[in-house]
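Here the structure is laid out as structure tokens; the discussion comes afterwards.
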Amino acid sequence: MKLIINTTTLSGTGVTQVAFSFIQECKSHLHNTYHIFFSPTLSKEIDKTSFPSNFYFYDFKGHPLYGLKGFFIRKKLKNLFQNVQISLKTYISQKSIGK
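Using the working numbering, read the sequence shown as starting at 1385 and increasing by one per residue.
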């Protein structure tokens, strides 16, 4: 299964610690593919080299809700969501017709 974990709006210490722990726990689920969108805060905390090849990381340099930069971040997020969902829909279609 493909999963998207969007942490781009997280900046407080409590919520980033919960996200950090959850992402670390996902390492043990090798049958899933993870697409993780990082906030600047969480990106600094995670050692991306310690993850298996079923993890894909996307770093965002700002908050998606603030200012003109936020507009472009939201646009990039939308495109990434669509790309992951399209490949997931293709996979589901192929599975349902037995390819």
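Beta carbons are placed, not taken as given, at the ideal position from N, Cα and C, and that holds for glycine.
Judged by DSSP secondary structure, I1407 falls outside any beta strand (DSSP E) and instead within the alpha helix (DSSP H) spanning 1397–1410. With the rule of 3 Cβ pairs closer than 8 Å, the segment 1389–1400 counts as touching the segment 1409–1426. For the 8 Å CB-CB criterion, T1400 and T1425 form a contact. Here L1394 is buried, its C-beta having at least 16 other C-beta atoms within 10 Å.
Shortest Cα-Cα distance from D1443 to any of D1431, M1385, H1415 involves D1431.
With distances taken between CA atoms, N1438 lies nearest to C1410 out of F1404, L1464, V1402, C1410.
Between P1436 and L1414 a beta carbon distance of about 6 Å is seen, short of the 8 Å cut, so the two are scored as contacting.
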